[in-house]
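A quick write-up on the structure given underneath.
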Amino acid sequence: MRLAVSGASGKTGWRVVQEALAQGHTVRAIVRPGSAVPEGLAGAELVRLDLGDRGALETALRGCDALVIATGARPSVDLAAPLKVDAFGVRSQIAACQAVGLRRVVLVSSLLAGAWLHPLNLFGLILVWKRLGERWLEQSGLDWTVVRPGGLREQEDDVAAQVVRYGPADSQREGSIPRRLVARVCLEALAAPASIGRIVEITSAADAETPATPTLAALLATLS
Ligand SMILES: NC(=O)c1ccc[n+]([C@@H]2O[C@H](COP(=O)([O-])OP(=O)(O)OC[C@H]3O[C@@H](n4cnc5c(N)ncnc54)[C@H](OP(=O)(O)O)[C@@H]3O)[C@@H](O)[C@H]2O)c1
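Residue numbers (the working numbering): 11 to 234.
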């Protein structure tokens with residue numbers, strides 16, 4: 011598969027790139043003109059563009075089989091950033107996919123997307139705008155999957171001991187997960203046609219705490 015990953019300079023994005031390369035996919039890593047490039051992008055084709063540059067975005071997506079959207083507003087004093095990135099930035103990417111005939115899209119969103127009364131919304135109503143981005147994707151006619159992780163963790167050392175807890179939309183309200191596992195779930199979703207048109211919530215826990223739904227396939231079977 012030729013895979014495009016936007017937000018590839020981010021801490022989830024570069025891991026999606028790495029996991030995809032490890033699976034033998036060809037990867038086009040989309041970053042901003044001024045993004046710092048993490049080492050994890052080695053082996054990917056790097057494309058620098060502004061999400062508002064529709065022509066550049068379409069050129070970057072042309073010929074790709076799927077897009078993983080791992081963009082997200084970085085914490086800042088700009089309270090409009092979540093609206094710009096998590097809603098309008100997603101909408102730009104959807105429109106570019108439609109324009110070039112790229113049908114398969116996986117969006118990294120967030121647990122509690124759509125919640126109003128939550129402290130995370132102190133940063134520019136981020137959960138509200140994330141849900142708007144999701145809704146635009148749901149209504150796009152594209153083959154979409156939304157992956158909603160809990161709080162993201164950087165640790166890599168405990169990943170092997172972690173079991174992903176999968177759930178449908180609005181089934182989980184708390185918990186966390188290493189970004190490495192989020193990246194793997196994005197790839198897992200791409201390989202599972204039954205995930206098309208689904209919202210998948212993920213957190214993880216140590217082995218001992220057996221999750222109710224231990225695999226994506228098991229979750230998807232309950233939804234179909
Ligand atoms: N932090 C959490 O606990 C948490 C929990 C659940 C969900 N999420 C969501 O999960 C996703 C990944 O999170 P993360 O912490 O791994 O990401 P991150 O490291 O903050 O990276 C964000 C990515 O988005 C890009 N970006 C930011 N503003 C942009 C803009 N205006 N135009 C284009 N690209 C832009 C960044 O580019 P630059 O490198 O150039 O800045 C970077 O590549 C995000 O959508 C985040 O909201 C986060």
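Quick reminder that beta carbons are idealized off the backbone N, C-alpha and C, glycines included.
With DSSP as the reference, please indicate the residues paired to residue i in a beta bridge.
{"i": "ALA153", "result": "Ala is not the amino acid found at residue 153; the sequence shown has Asp there. According to DSSP, ASP153 bridges with ARG114."}
{"i": "LEU276", "result": "Any answer about residue 276 is impossible in this case: the structure gives the chain only from 11 up to 234."}
{"i": "ARG158", "result": "GLU211"}
{"i": "ALA76", "result": "LEU13, ARG114"}
{"i": "GLN165", "result": "Answer by DSSP bridge pairing: none, since GLN165 is not bridged."}
{"i": "PRO188", "result": "ARG163"}
{"i": "GLY177", "result": "GLU211"}
{"i": "ALA216", "result": "GLN172"}
Would you check if the distance between the CB atom of residue i and the CB atom of residue j is smaller than 9 angstroms?
{"i": "THR213", "j": "GLN182", "result": "yes"}
{"i": "ALA240", "j": "VAL115", "result": "With the chain covering only 11 through 234, there is no way to say anything about residue 240."}
{"i": "VAL95", "j": "LEU61", "result": "yes"}
{"i": "VAL157", "j": "ALA106", "result": "no"}
{"i": "VAL100", "j": "GLY23", "result": "no"}
{"i": "SER45", "j": "LEU67", "result": "no"}
{"i": "GLN33", "j": "LEU226", "result": "no"}
{"i": "GLU211", "j": "ASP180", "result": "yes"}
{"i": "LEU117", "j": "LEU147", "result": "yes"}
{"i": "ALA228", "j": "TYR176", "result": "yes"}
{"i": "SER16", "j": "ALA90", "result": "no"}
Among residues of its own chain, excluding the 5 on either side of residue i, which ones have a beta-carbon nearer than 7 angstroms to its beta-carbon?
{"i": "LEU233", "result": "PRO178, ARG208"}
{"i": "PRO224", "result": "VAL173"}
{"i": "VAL41", "result": "ALA18, SER19, VAL47, LEU56, ARG58"}
{"i": "GLY73", "result": "ARG12"}
{"i": "LEU51", "result": "ALA18, TRP24, VAL27, ALA39"}
Please list, in chain order, all residues of the same chain as residue i whose beta carbon is under 6 angstroms from its beta carbon, the five residues on each side excluded.
{"i": "TRP31", "result": "It should be noted that the sequence gives Leu, not Trp, for residue 31. The answer, listed in chain order, is VAL37, GLY53."}
{"i": "LYS140", "result": "ASP96, SER119, SER120, ALA123"}
{"i": "VAL192", "result": "THR22, PRO159"}
{"i": "PRO92", "result": "ALA83, GLY134, ILE136, TRP139"}
{"i": "ARG194", "result": "GLU29"}
{"i": "VAL169", "result": "PRO188, ARG190"}
{"i": "PHE98", "result": "none"}
Does the contact criterion of 3 or more C-beta pairs under 8 angstroms hold for the stretch 122 to 138 versus the stretch 186 to 194? no
Do the stretch 141 to 161 and the stretch 105 to 115 meet, that is, are 3 or more Cβ pairs less than 8 angstroms apart? yes
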